[in-house]
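Heads up, the sequence shown stops at 447 in this note's numbering, and the numbers go up one at a time, no gaps.
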Amino acid sequence: MAERSRRFFLSMASAAGTAGARMAAATLGDKPAVLGGRPIRKKPFPVWPIVRKSDEKVWMSVLRTLKWNRTRGSAVKQFEETWARRLGASYCLATSGGTTALWTALNALDVGPKDEVLVPPYTFIATVNVVLLQHALPVFVDTDRETFQIDAKKIEERITPRTRCILPVHMGGAAAEMDLILELARKHKLSVVEDACQSHLAEWRNQPVATVGDIGCFSFQASKNLNCGEGGALITNSDELIARAERFHTNGGSVGKADNPIPHRTNGCNLRMTEFQGALLAAQYDRVEEQAREREDHAGYLTSLFDEIDGIAPARVYEGCTRNAYHLYMFRYDPHAFAGLPREGFVKALRAEGVHCSTGYRPLNKDKFLEHTFQSRAFRSIYSDKELNNWRERNHTPENDRLCSEAVWLTQSKLLGSRDDMDQIAEAVRKIQAFAPEIRKAGVG
Ligand SMILES: *Cc1c(COP(=O)(O)O)cnc(C)c1O
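What follows is the structure, given as structure tokens:
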């Protein structure tokens, strides 16, 4: 079928509903790609990362300086200054990764055994792993299904005398409900660590996320909107917290330095970023803003197209989230609007049309790794059966369970092409909707 007639039948599809689409398609002899038809997309989406000539130059220039680590070089320190300034924060400390930035944050706040840290279950496992590394308990707060964020209204019921810290994740590039989170933190004297690993340049009430709580953490891992393969950063305005973080990330720091406000060495690790990573990040400084604008523009357009399609519900954004970084384009899929086609079948069919997508996270709070960790010698020596049973009794997040069965994700680089790409994504979804009964009958998924 010629491109023009395809457009025609698809525009008919949206105008006349699925029956009209099936009729038009039958006349024109097209089929969904998953059943052997021609895919909507022939061109691949932009690949990630996008490398420029200037990146090669900075990489080679670090190589030639022979100063490859932070202690001797200047690239990491320069990046830290630039990133802090861009965010309007006092301090930035680069780390080896987002996980280690979060781990450093919890160390700086002295979170430890018998402490409870409030976390969302809808997140990457690292958010929870760092709590366990400190032998503290991650206490899960249910998810707001409409926004995919931690449900801030359900935080207070999880607070106990042992709660030390709230660790919200700015999921997918949007922001968690920070007004309520800060209010609760003040009321109950808790620290707030923002996991901003997916939300570079996102904003809460026009203030960059990661600067809203006590500490904010970024990841520069390969998939992230700003990346150097592996890397991370911790953001804070506190003199004390940055000093503690700095020391932890470099084996407890050096004793007796004039600029070291803590006179004694404590334990720590080596979590430093290399000069290569720092230079590569700095080289992308202008690009990260340009790309953020492109993603916003294309995501907004895609949402306007999806709003016209029954059964596709793009993640809603809180009113206070004034900028969305769109690390992921997330939506909920409702099989009822697709003739009962299960989500797995929809995802397969969409992939076959040339639009790669995934089903996202599984319920993290039910993952066996938690129980395995609780069986470790360290945890058994800290927590009694009664304490762990008490944790188990509180570990219910029904909204999140449901979200994990409904979600579909598109990754950020799909938003870096053209508006035509967005039209084609929506076309692919409409085509699947039109043929949903056939796809379901064929047993796809
Ligand atoms: C990527 C990510 C992390 C971990 O970052 P790494 O750099 O991979 O260690 C933590 N939290 C969230 C929400 C992430 O997406």
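Heads up, the beta-carbon is just placed ideally off N, CA and C, and yes, glycines get one too.
- Counting along the chain, R207 sits inside no alpha helix (DSSP H), nor does DSSP assign it H or E at all.
- DSSP, read as helix, strand or coil, puts R166 in strand.
- Burial check for F348: the Cβ neighbour count within 10 Å reaches 16 or more, so the residue is buried.
- Distances from the CA of D112 to each of V121, V133, Y124, P123 were compared; the closest alpha carbon is that of V133.
- Relative to ligand 1, even the nearest heavy atom lies 7 angstroms or more away from the CB of T162.
- Not one heavy atom of ligand 1 falls within 7 angstroms of the beta-carbon of E196.
- In the structure shown, V113 adopts coil according to DSSP, grouped into three states.
- Between A177 and S201, the CB-CB gap stays under 8 angstroms.
- Collapsing the DSSP output to three states places S92 in coil.
- Not one heavy atom of ligand 1 is found less than 7 angstroms from the C-beta of S420.
- Secondary structure note for P439: its alpha helix (DSSP H) is the uninterrupted segment 438–443.
- Across the structure, P365 and E196 are spaced so that their CA atoms are roughly 21 angstroms apart.
- In this structure, L104 has its CB closer than 7 angstroms to one or more heavy atoms of ligand 1.
- Boundaries of the beta strand (DSSP E) around D197: 193–197.
- In this structure, Q223 has its beta carbon less than 7 angstroms from a heavy atom of ligand 1.
- For A110, the distance from the CB to the nearest heavy atom of ligand 1 is not below 7 angstroms.
- Looking at P48, A430, G39, the one whose alpha-carbon comes closest to that of Q414 is P48.
- Of the candidates E373, R274, D57, the residue whose Cα lies closest to the Cα of E232 is R274.
- When rounded, the separation of the alpha-carbon atoms in E205 and M173 is 13 angstroms.
- Counting only runs that start and end inside the region 353–441, the beta strand (DSSP E) elements of at least 3 residues fall at 409–413.
- Under the DSSP definition of a beta bridge, D288 lacks any partner.
- With a threshold of 7 angstroms, the Cβ atom of G280 does not count as near ligand 1, since no heavy atom of the ligand is closer than that.
- In this structure K59 is exposed. Its beta-carbon is surrounded by fewer than 16 other beta-carbon atoms within 10 angstroms.
- Within the model, the alpha-carbon separation for G99 versus N272 is close to 12 angstroms.
- Only residues of its own chain outside the window of five on either side were considered, and among them R442 have a CB closer than 7 angstroms to the CB of G342, listed in chain order.
- Within 7 angstroms of the C-beta of V171 there is at least one heavy atom belonging to ligand 1.
- For M332, DSSP records a beta bridge to W411.
- Taking every protein chain shown into account, the CB of T162 has fewer than 16 other CB atoms within 10 angstroms, so this residue is exposed.
- Residue range 314–316 is occupied by the beta strand (DSSP E) that includes I314.
- Excluding five sequence positions before and after L417, the CB atoms of its chain that fall closer than 7 angstroms to its own CB belong to E296, R297, H300, A301, Y328, Y331, given in chain order.
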